[in-house]
Amino acid sequence: MPHFKSLGLYSKLIEKVNQYEEKLLEKYSSDIACRMGCDSCCILESVFPVEAYVIYESIRSGEVKPEIMSKNHPGKCVFLKQGSCSIYNVRPVICRTHGYPVFIDGKVDFCPENFNGRNSIDSEYILSLDNLNSALASINLIFYGENSDDFFKRERIPLKELAEFVINK
Ligand code: SF4
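Position 113 of the sequence shown, counting from 1, maps to 153 under this note's numbering, and the rest follow consecutively.
Structure (structure tokens):
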């Protein structure tokens, strides 16, 4: 992977989200129903170019071996395979927050299967999705200035196009 500043910042952001998940599970693991095989959240269609680039490079280098879903599964992410993410180690930021308590558009949201019967969640365990998205957008902007590949010079990259791009390279 090239030594872009944006990629280093992206790794740090992923680290922070992973730390958040660790902390959340330490306190609330018995309240979280998220499990292998549940793919209700896997409806992602597109990502920022910087995220697409990380996925692309990981596949190209052989670090990640994706299974690409055939086109006849409308509404499901192209990287989903039998209920599991086939690019799990490099899944986008938003996928790392699936089901967890996030603050977005002025309210707290989480998977209805999680936190059943609990009246409240400590605020320090609620992730601000607006802040996360702003950080990601800033990193993506830096990536824009560093990347010269036309495929990644767009506002968003559809995951289906990314999958085809990787296969045809
Ligand atoms: S990238 Fe992986 S975790 Fe994210 S929506 Fe697709 S299959 Fe699900």
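Even glycine gets a Cβ: it sits at the ideal position worked out from N, Cα and C.
Report the option in the options whose CA atom is closest to the CA atom of residue i.
{"i": "C151", "options": "L53, D79, L47", "result": "D79"}
{"i": "Y140", "options": "Y50, L65, L47, M41", "result": "L65"}
{"i": "N129", "options": "K116, P106, F143", "result": "P106"}
{"i": "S163", "options": "Y60, I99, S70", "result": "Y60"}
{"i": "G123", "options": "G77, G48, E201", "result": "G77"}
{"i": "F155", "options": "H43, I72, E55", "result": "I72"}
{"i": "R136", "options": "S101, V118, F191, L172", "result": "L172"}
{"i": "V87", "options": "G185, A177, E186, D170", "result": "A177"}
{"i": "I134", "options": "E91, S160, H43", "result": "E91"}
For residue i, I'd like the list of residues in its chain whose CB is within less than 6 Å of its CB, leaving aside the five on either flank, ordered along the chain.
{"i": "E97", "result": "M41"}
{"i": "E153", "result": "A73"}
Please list, in chain order, all residues of the same chain as residue i whose beta carbon is under 8 Å from its beta carbon, the five residues on each side excluded.
{"i": "K147", "result": "none"}
{"i": "L120", "result": "D79, C82, M109, H113, S126"}
{"i": "I166", "result": "P141, V142, F143, V148"}
What first and last residue would you give for the alpha helix (DSSP H) that runs through residue i?
{"i": "K52", "result": "45–68"}
{"i": "I179", "result": "169–186"}
{"i": "I95", "result": "89–100"}
For residue i, which residues of its own chain have a beta-carbon under 7 Å away from its beta-carbon, when the five flanking residues on both sides are left out?
{"i": "D149", "result": "V142"}
{"i": "K209", "result": "R100"}
{"i": "R158", "result": "D71"}
How would you write the range of the beta strand (DSSP E) that residue i sits in, first residue to last?
{"i": "V206", "result": "It is not in any beta strand (DSSP E) - V206 instead sits in the alpha helix (DSSP H) that spans 199–208."}
{"i": "K147", "result": "147–149"}
Problem - By C-beta, the residues closer than 5 Å to any heavy atom of the ligand SF4, given in chain order - result: C82, L84, C117, F119, L120, C125, R131, C135
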